[in-house]
Amino acid sequence: MLATRKPGFLNRFYLVEIIQGLAITLRNLLFHKKVTLQFPEQRRDYSPRYRGQHYIKAVNGVENCTACMLCPTVCPAECIHIVAGEREDKEKYPVKFEIDVLRCCFCGMCEEACPKDAIKLSNIYEMSQEKRSVYVKDFLVEQRGNKP
Amino acid sequence: MPKCTIDGKEIEFSAGENLVKVAKKGGIEIPVFCYHPGLSVVAQCRMCLVEIEKMPKLQTACSTPAADGMIVRTQADSAVKARAATMEFLLLNHPLDCPICDKAGECDLQDNSFGHGSPSMRSTEERRTYVDVDMGPVIQKNMNRCIHCTRCIRFGEEVAGIHEMVAVKRGNNLDITTIDGKQLKTEYAGNYSDICPTGSLTLKDFRFQKRAWMLKKTDTVCEGCSKGCNMEIQQEGNKVYRCVPRENLEINRYWMCDEGRFNYHYTQDPLRITRLKGSAFSPTPHWDEVGMAFKKLANGATVQILIGTDLTLEEMQAIIDFAKTQLPEAKLFHFGTPGVRRTTEDGPLDQILKMKSKTANLNGAELLGLSPLETEIVKAESVVVFRGGRAALPKIDSKNIIGVGVFKESEASGFNMILPSLAFTEKNGTIVNHQGKSQLLKRAVLPVGQCKPLPEILMLVLNAKKREGAGT
Numbered sequence: 003m004l005a006t007r008k009p010g011f012l013n014r015f016y017l018v019e020i021i022q023g024l025a026i027t028l029r030n031l032l033f034h035k036k037v038t039l040q041f042p043e044q045r046r047d048y049s050p051r052y053r054g055q056h057y058i059k060a061v062n063g064v065e066n067c068t069a070c071m072l073c074p075t076v077c078p079a080e081c082i083h084i085v086a087g088e089r090e091d092k093e094k095y096p097v098k099f100e101i102d103v104l105r106c107c108f109c110g111m112c113e114e115a116c117p118k119d120a121i122k123l124s125n126i127y128e129m130s131q132e133k134r135s136v137y138v139k140d141f142l143v144e145q146r147g148n149k150p
Numbered sequence: 008m009p010k011c012t013i014d015g016k017e018i019e020f021s022a023g024e025n026l027v028k029v030a031k032k033g034g035i036e037i038p039v040f041c042y043h044p045g046l047s048v049v050a051q052c053r054m055c056l057v058e059i060e061k062m063p064k065l066q067t068a069c070s071t072p073a074a075d076g077m078i079v080r081t082q083a084d085s086a087v088k089a090r091a092a093t094m095e096f097l098l099l100n101h102p103l104d105c106p107i108c109d110k111a112g113e114c115d116l117q118d119n120s121f122g123h124g125s126p127s128m129r130s131t132e133e134r135r136t137y138v139d140v141d142m143g144p145v146i147q148k149n150m151n152r153c154i155h156c157t158r159c160i161r162f163g164e165e166v167a168g169i170h171e172m173v174a175v176k177r178g179n180n181l182d183i184t185t186i187d188g189k190q191l192k193t194e195y196a197g198n199y200s201d202i203c204p205t206g207s208l209t210l211k212d213f214r215f216q217k218r219a220w221m222l223k224k225t226d227t228v229c230e231g232c233s234k235g236c237n238m239e240i241q242q243e244g245n246k247v248y249r250c251v252p253r254e255n256l257e258i259n260r261y262w263m264c265d266e267g268r269f270n271y272h273y274t275q276d277p278l279r280i281t282r283l284k285g286s287a288f289s290p291t292p293h294w295d296e297v298g299m300a301f302k303k304l305a306n307g308a309t310v311q312i313l314i315g316t317d318l319t320l321e322e323m324q325a326i327i328d329f330a331k332t333q334l335p336e337a338k339l340f341h342f343g344t345p346g347v348r349r350t351t352e353d354g355p356l357d358q359i360l361k362m363k364s365k366t367a368n369l370n371g372a373e374l375l376g377l378s379p380l381e382t383e384i385v386k387a388e389s390v391v392v393f394r395g396g397r398a399a400l401p402k403i404d405s406k407n408i409i410g411v412g413v414f415k416e417s418e419a420s421g422f423n424m425i426l427p428s429l430a431f432t433e434k435n436g437t438i439v440n441h442q443g444k445s446q447l448l449k450r451a452v453l454p455v456g457q458c459k460p461l462p463e464i465l466m467l468v469l470n471a472k473k474r475e476g477a478g479t
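Chains A and B supply the protein sequences, listed in that same order. Going by this note's numbering, the first sequence opens with residue 3, and the numbers climb by one from there. Going by this note's numbering, the second sequence opens with residue 8, and the numbers climb by one from there.
Below, the structure is given as structure tokens:
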């Protein structure tokens with residue numbers, strides 16, 4: 003049988019506990035650094051490993067991607083669509099490279115699978131758009147949010 | 008039966024079989040590059056080295072016939088070491104371009120490198136490079152990837168019957184090329200890509216289309232001619248990307264011709280009629296109208312039903328049954344290839360695989376008792392043409408022509424009504440080849456557009472008649 007303890011008359015008001023709790027609130031309010039950021043003006047620093055908006059790495063304007071299709075193969079959300087083609091300076095390149103961002107779960111497996119260090123997830127986290135967004139190749143090779 | 012022991016496993020074999028074959032029977036895989044069951048044995052890649060008891064040196068399993076009581080160890084230290092060394096040697100000059108290579112995923116070199124090679128490379132030297140010749144419209148060559156297994160040279164000499172690929176120069180500078188850099192002439196060029204263990208010879212048709220591991224495979228039969236070669240349709244997202252031959256020692260062995268290999272293109276042709284079409288329909292035709300319109304058109308004084316020999320047995324039987332009950336006056340004929348009306352007129356077109364009859368089921372049509380179309384021009388008041396897509400259409404002189412099956416825009420210009428049906432990639436069925444072997448066609452992709460299975464179309468027509476009878 004469980005032993006039940008009956009609180010005394012004074013204890014029934016929980017005065018001590020309320021004061022203790024308020025003391026913690028006051029201490030945090032007065033002596034601690036504020037947690038909230040004034041967002042558009044102030045920005046938080048993210049870890050370089052943060053997985054945000056995608057981009058395709060390009061060297062001297064030529065995309066690293068060779069359309070080997072490992073990223074659509076490994077992608078669990080099946081959001082990458084590539085059409086491969088041939089051009090003069092490159093035996094195989096992506097004619098079309100589309101990422102359906104609404105389906106993307108930002109797992110970063112594409113980045114991991116890529117043998118050419120082409121597809122990357124940058125630190126950009128502000129990705130709200132007015133339209134249903136599919137990142138096309140021209141957008142992806144713009145090198146925004148380049149990682150070091 | 009004699010027995011030999013491979014890796015501690017006793018395996019029975021018949022006389023003359025080599026160790027690679029015998030090991031495969033017992034479920035033991037011996038890696039090979041130059042050995043192909045359909046070609047002569049040269050034992051020059053040295054990948055299949057195994058240790059055999061009482062033999063002083065390692066032996067190549069492909070050129071060693073199994074003997075009674077032979078004890079073979081494929082996993083002996085010396086054999087494993089020798090295979091790793093062979094692998095390293097073959098990879099000395101092989102470029103690391105698997106990401107852009109069409110063979111990646113089904114590449115023997117990749118598989119064996121993974122299974123028997125070392126994960127790191129010791130050489131720092133530059134790899135040899137070649138300037139490639141144009142091999143014609145079927146095969147794309149990339150000599151940098153070649154490992155000099157000479158399967159292609161042997162295929163040309165022994166199977167295709169044309170000596171067109173040669174090895175020029177020797178040793179490290181060896182170049183496998185066509186004689187005088189000419190284009191390939193053989194009509195079996197697609198097989199070069201199948202037998203190449205690396206991405207050295209790949210199909211131009213399939214170039215960069217899809218990666219090998221993405222394709223879903225369906226075992227089926229080629230409908231290109233009455234040979235009935237066994238093949239595999241490889242598709243992804245309801246689109247066929249290529250067809251490759253399957254092994255069947257009684258029919259096509261390991262090969263197939265280019266005509267059959269690229270035959271599937273017509274099923275995906277933008278000009279293929281996949282919607283209901285014709286003057287007998289309203290502007291936006293629907294299958295509900297078909298029954299009545301069919302009945303009206305096929306109501307002439309003389310009716311001829313033409314059955315393409317590219318249909319399956321099941322479809323032909325359905326048409327025969329349909330005609331018996333619904334159009335008892337109609338005359339039924341089968342048509343297929345001009346000049347090849349009967350199986351007695353059929354015969355081999357060359358020494359390899361091709362047959363004269365360019366439709367798959369000529370034998371089946373005869374088995375069902377259909378008689379061939381003898382006249383050049385079909386004359387009747389109403390003509391109903393059933394066709395699977397490959398049978399050559401005869402000239403039709405009639406006011407009411409109904410086409411059921413697969414037609415192209417240009418072929419069906421004079422038709423009053425076209426009911427789209429399924430092509431060979433989209434249906435199940437049986438076809439009988441020239442030897443009398445019945446084989447299964449299997450559905451690889453789903454029908455496109457408004458296409459319906461042929462029996463279903465016939466049922467629509469049947470039910471329309473019933474409904475009308477009940478109304479009056």
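No residue lacks a Cβ here, since even glycine has one placed at the ideal position from N, Cα and C. This one's a predicted model, so the numbers in the text were calculated from it and none came from an experiment.
{"Item": "What are the start and end residues of each continuous alpha helix (DSSP H) run of 4 or more residues lying completely inside the stretch 96-127 of chain B, in chain order?", "Value": "115-123"}
{"Item": "Three-state secondary structure (DSSP) at residue 476 of chain B?", "Value": "Because residue 476 of chain B sits at a pLDDT of 48, beneath the cut-off of 50, its placement in the model cannot be relied upon, and the point is left open."}
{"Item": "Assuming residue 139 of chain A is part of the beta strand (DSSP E), what are its boundary residues?", "Value": "Premise fails: residue 139 of chain A lies in the alpha helix (DSSP H), 139-142, not in any beta strand (DSSP E)."}
{"Item": "On the CB-based measure, 16 or more other CB atoms within 10 Å of its CB, does residue 329 of chain B come out buried or exposed?", "Value": "buried"}
{"Item": "Cβ of residue 221 of chain B less than 8 angstroms from any chain A Cβ?", "Value": "yes"}
{"Item": "Using the three-state DSSP reduction, which class does residue 213 of chain B fall into: helix, strand or coil?", "Value": "coil"}
{"Item": "Within 10 angstroms of the Cβ of residue 189 of chain B, are there 16 or more other Cβ atoms? Answer buried if so, exposed if not.", "Value": "exposed"}
{"Item": "With a CB to CB cut of under 7 angstroms and the five nearest residues on each side skipped, what residues in its chain are close to residue 200 of chain B?", "Value": "146, 208, 209 and 210"}
{"Item": "In chain order, what are the residue ranges of uninterrupted alpha helix (DSSP H) at least 4 long that sit wholly in the stretch 362-450 of chain B?", "Value": "369-374"}
{"Item": "What residues from the stretch 52-78 of chain A come within 9 angstroms of chain B, judged by C-beta to C-beta, listed N to C?", "Value": "68, 69, 70, 71, 72, 74 and 75"}
{"Item": "Answer with yes or no whether the minimum CB distance from residue 118 of chain A to chain B is below 8 angstroms.", "Value": "yes"}
{"Item": "Thinking just about the alpha-carbon of each residue, which of B:421, B:442, B:359 and B:400 is nearest to the one in residue 351 of chain B?", "Value": "B:442"}
{"Item": "Which residues in chain A have a C-beta closer than 7 angstroms to the C-beta of residue 213 of chain B? List them in chain order.", "Value": "Those within 7 angstroms of residue 213 of chain B in chain A number zero; the least Cβ separation is about 11 angstroms."}
{"Item": "Could you tell me which residues DSSP pairs with residue 255 of chain B in its beta bridges?", "Value": "B:260"}
{"Item": "Where does residue 27 of chain A land, buried or exposed, given buried means 16+ other C-beta within 10 angstroms?", "Value": "exposed"}
{"Item": "According to DSSP, is residue 102 of chain A part of a helix, a strand, or is it coil?", "Value": "strand"}
{"Item": "So residue 94 of chain A contacts chain B; which residues on that side make the cut at Cβ distance below 7 angstroms?", "Value": "107 and 215"}
{"Item": "Just the C-alpha distance for residue 184 of chain B and residue 196 of chain B, rounded to the nearest angstrom, thanks.", "Value": "14 angstroms"}
{"Item": "For residue 116 of chain A, which option in A:58, A:29 and A:54 has the closest C-alpha, if you only look at C-alpha atoms?", "Value": "A:58"}
{"Item": "Can you tell me where the beta strand (DSSP E) holding residue 8 of chain B begins and where it ends?", "Value": "Neither: residue 8 of chain B is in no beta strand (DSSP E) and is coded neither H nor E."}
{"Item": "Taking 8 angstroms as the threshold (C-beta atoms), are residue 57 of chain B and residue 86 of chain B in contact?", "Value": "yes"}
{"Item": "Using the C-alpha atoms, what's the distance from residue 260 of chain B back to residue 42 of chain B?", "Value": "15 angstroms"}
{"Item": "Taking the beta strand (DSSP E) that residue 225 of chain B falls in, what are its first and last residues?", "Value": "223-228"}
{"Item": "By a C-beta neighbour count over all protein chains shown, 10 Å radius and 16 as the cutoff for buried, is residue 470 of chain B buried or exposed?", "Value": "exposed"}
{"Item": "Assuming residue 315 of chain B and residue 387 of chain B make a contact with CB atoms under 8 angstroms, what is their CB distance in whole Å?", "Value": "Residue 315 of chain B to residue 387 of chain B, Cβ: 17 angstroms. No contact."}
{"Item": "For residue 157 of chain B, which option in B:249, B:341, B:51 and B:151 has the closest C-alpha, if you only look at C-alpha atoms?", "Value": "B:51"}
{"Item": "Leaving aside the five residues before and after residue 402 of chain B along the sequence, list all residues of the same chain whose C-beta is less than 8 angstroms from its C-beta, in chain order.", "Value": "383, 384 and 385"}
{"Item": "So with Cβ pairs under 8 angstroms, would you call residue 147 of chain A a contact of chain B?", "Value": "no"}
{"Item": "Indicate whether at least one CB of chain B lies closer than 8 angstroms to the CB of residue 23 of chain A.", "Value": "no"}
{"Item": "Suppose contacts are defined by Cβ-Cβ distances below 8 angstroms. Is residue 407 of chain B in contact with residue 235 of chain B by that definition?", "Value": "no"}
{"Item": "From the beta carbon of residue 88 of chain A, is the nearest beta carbon of chain B less than 8 angstroms away?", "Value": "yes"}
{"Item": "Going by beta-carbon coordinates alone, are residue 54 of chain A and residue 126 of chain A separated by less than 8 angstroms?", "Value": "yes"}
{"Item": "Name, please, each residue of chain A whose Cβ falls closer than 8 angstroms to the Cβ of residue 218 of chain B.", "Value": "70, 71 and 75"}
{"Item": "Would you kindly check if the distance between the Cβ of residue 87 of chain A and the Cβ of residue 215 of chain B is under 8 angstroms?", "Value": "yes"}
{"Item": "Please return the same chain residues whose Cβ sits closer than 7 angstroms to the Cβ of residue 419 of chain B, not counting the five positions on each side in sequence.", "Value": "280, 410 and 425"}
{"Item": "Taking buried to mean at least 16 other C-beta atoms within 10 Å of its own C-beta, is residue 171 of chain B buried or exposed?", "Value": "buried"}
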